[in-house]
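Colleague: My questions will all concern the structure given below.
Numbering (this note's numbering), first residue to last: 1359 to 1441.
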């Protein structure tokens, strides 16, 4: 069984690939990836907060050709729904 840290790491790796692509369906793929993570991660709000923090750490890296805005905005919107 995959623990929470491994599940988060796997999702961040997938989101990193999506952050680098110009795939026309990128937003849908990002949302599905996040929703799949939430199905297995446990409590929704803490899981979204962990994901938000991980995305922020990725953004700090400022790697070339990565755009985390869609993932960041989706997580932010999901968190606002819970507020």
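From the three backbone atoms N, C-alpha and C, an ideal C-beta is built for every residue, glycine too.
Apart from the five residues just before and just after residue 1417, which ones in its own chain have a Cβ nearer than 6 angstroms to its Cβ?
Modeller: 1426
Colleague: From 1404, 1432, 1364, pick the residue whose C-alpha is nearest to that of residue 1387; which is it?
Modeller: 1432
Colleague: Taking Cβ positions, are residue 1391 and residue 1369 nearer each other than 8 angstroms?
Modeller: yes
Colleague: So, residue 1399 versus residue 1430, is the Cβ gap smaller than 8 angstroms?
Modeller: Their beta carbons are not under 8 angstroms apart, which means residue 1399 does not touch residue 1430 by this criterion.
Colleague: What did DSSP end up calling residue 1401 once you bin it into helix, strand or coil?
Modeller: coil
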